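Start counting the sequence shown at 36; every next residue gets the next number (the working numbering).
Each residue gets a CB set at the ideal place from its N, CA and C atoms; glycine is no exception.
Here the structure is a predicted model, which means the values were calculated and not measured.
Have a look at the structure below, then the notes.
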Amino acid sequence: MHMVLDGVDWKQAIARHKETPDEAFIRETLSIYRDLGYTYLRDGGDRWGVGAKAREIAADFGITYRTPLAPICRKGHYGAFIGITYETLKEYADLVVNTRENGGDFIKIMISGLMDFDRFGVLTEEGLSQKEIAELVRIAHEEGIPVMAHANGRTAGFAAMAGVDSVEHGAYLDDEALHAMKESGTVWVPTLSTVGNLRGKGRFSEADVEQILESAIMNVVAFHQMGGLLASGTDAGAWAVPHGSETEEGYFAMAGVDENALSRGLSVIQAKF
């Protein structure tokens with residue numbers, strides 16, 4: 036989830052916190068999760084300290100809160116709107132150390148683009164090379180920090196081969212990527228709500244959205260049948276995914292994945308993150 040976002044307008048949501056994290060908004064959002072029975076939240080991070088502020092007060096709501104502080108991305112690639120950037124691996128390594136020293140719970144790397152919801156099978160950018168992704172994961176792990184990867188397409192497989200701890204999103208995975216995630220023990224959080232909740236909104240091509248969702252569910256089915264680790268996460272704050280949305284379980288049910296199977300992946304996430 037993304038505490039900094041609100042599921043409606045990402046620019047206005049970020050503007051709410053640019054001067055200082057809006058504690059009233061954060062408390063209101065945490066109360067939504069508390070009232071729904073949530074006790075563990077994992078944030079995707081932001082560079083304004085919103086997730087950090089949420090972690091600071093989450094115990095007031097009986098919630099364990101984990102954040103990378105800010106996600107990290109290569110300059111000129113997807114993620115700069117919300118995270119911090121590097122140009123060299125030395126700069127990245129320094130950011131990892133700073134994250135650890137400042138109390139970040141894990142490292143989040145942004146290594147691919149987004150789905151183009153009007154064109155099935157197309158990403159906004161292909162993402163980083165296998166060699167660079169392997170270095171990003173290695174550097175963080177050598178500092179003793181787990182790694183979450185925003186990854187779609189081939190980058191998810193590259194990250195899994197490098198031993199990444201979790202993959203978020205994971206659109207358009209091929210068999211090689213699925214098997215790599217299974218063999219490495221990577222937990223996949225497919226955030227199906229970010230696709231399924233777009234249906235009927237009129238913002239994107241309905242046919243393409245349906246095709247993207249069907250493709251994602253088929254991959255979840257395949258990964259589940261392999262015995263891969265899956266965990267539920269909505270990516271709340273993304274457009275059409277408001278905080279407290281409980282749609283993810285319904286999409287998992289479409290894939291034949293029940294709560295018992297999801298608890299395996301969640302237990303691994305809680306142990307690592």
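Opening and closing residue of the beta strand (DSSP E) in which residue i lies
{"i": "His185", "result": "182-186"}
{"i": "Trp223", "result": "222-224"}
{"i": "Met145", "result": "142-145"}
{"i": "Arg238", "result": "Element bounds for Arg238: n/a, residue is neither H nor E."}
Simplified DSSP state of residue i, which is helix, strand or coil
{"i": "Met253", "result": "helix"}
{"i": "Ile61", "result": "helix"}
{"i": "Leu297", "result": "helix"}
{"i": "Val230", "result": "helix"}
{"i": "Leu124", "result": "helix"}
{"i": "Ser280", "result": "coil"}
{"i": "Val202", "result": "strand"}
{"i": "Ala93", "result": "helix"}
{"i": "Ala275", "result": "coil"}
{"i": "His52", "result": "helix"}
{"i": "Phe258", "result": "helix"}
{"i": "Arg69", "result": "helix"}
{"i": "Gly80", "result": "coil"}
{"i": "Ala169", "result": "helix"}
{"i": "Asn137", "result": "coil"}
{"i": "His36", "result": "Checking the displayed sequence, the identity of residue 36 turns out to be Met instead of His. Here Met36 sits in coil by DSSP."}
{"i": "Gly42", "result": "coil"}
{"i": "Phe308", "result": "coil"}
{"i": "Tyr207", "result": "coil"}
{"i": "Tyr286", "result": "helix"}
{"i": "Val85", "result": "helix"}
{"i": "Asp270", "result": "coil"}
{"i": "Val292", "result": "coil"}
Bridge partner(s) assigned by DSSP for residue i
{"i": "Ile107", "result": "Ile119, Ile144"}
{"i": "Thr99", "result": "Tyr75"}
{"i": "Leu265", "result": "Trp223"}
{"i": "Met150", "result": "Leu158"}
Contact check, residue i vs residue j, beta carbons under 7 Å
{"i": "Gly86", "j": "Asp78", "result": "yes"}
{"i": "Gly268", "j": "Thr226", "result": "yes"}
{"i": "Pro181", "j": "Phe308", "result": "yes"}
{"i": "Leu40", "j": "Gly272", "result": "yes"}
{"i": "Val222", "j": "Gly162", "result": "no"}
{"i": "Leu297", "j": "Leu265", "result": "yes"}
{"i": "Val256", "j": "Ala290", "result": "yes"}
{"i": "Trp83", "j": "His37", "result": "no"}
{"i": "Val172", "j": "Val199", "result": "yes"}
{"i": "Glu170", "j": "Leu124", "result": "yes"}
{"i": "Val292", "j": "Asn232", "result": "no"}
{"i": "Leu104", "j": "Gly139", "result": "yes"}
{"i": "Ala186", "j": "Ser147", "result": "yes"}
{"i": "Gly80", "j": "Thr102", "result": "yes"}
{"i": "Ala175", "j": "Ala195", "result": "no"}
{"i": "Lys217", "j": "Met183", "result": "no"}
{"i": "Val230", "j": "Leu208", "result": "no"}
{"i": "Gly192", "j": "Glu167", "result": "no"}
{"i": "Thr99", "j": "Cys108", "result": "no"}
{"i": "Phe287", "j": "Leu213", "result": "no"}
{"i": "Phe239", "j": "Phe152", "result": "yes"}
{"i": "Met145", "j": "Pro106", "result": "yes"}
{"i": "Leu65", "j": "Ala48", "result": "no"}
{"i": "Thr282", "j": "Ser228", "result": "yes"}
Run of the alpha helix (DSSP H) containing residue i, from where it starts to where it stops
{"i": "Ser164", "result": "Element bounds for Ser164: n/a, residue is neither H nor E."}
{"i": "Lys217", "result": "210-219"}
{"i": "Gly192", "result": "189-196"}
{"i": "Glu178", "result": "Here Glu178 belongs to no alpha helix (DSSP H), and DSSP marks it neither H nor E."}
Cβ-heavy atom distance, residue i to the ligand FMN, below 6 Å
{"i": "Thr159", "result": "Summarising the ligand content, the structure contains no ligands, and the ligand FMN is consequently not present."}
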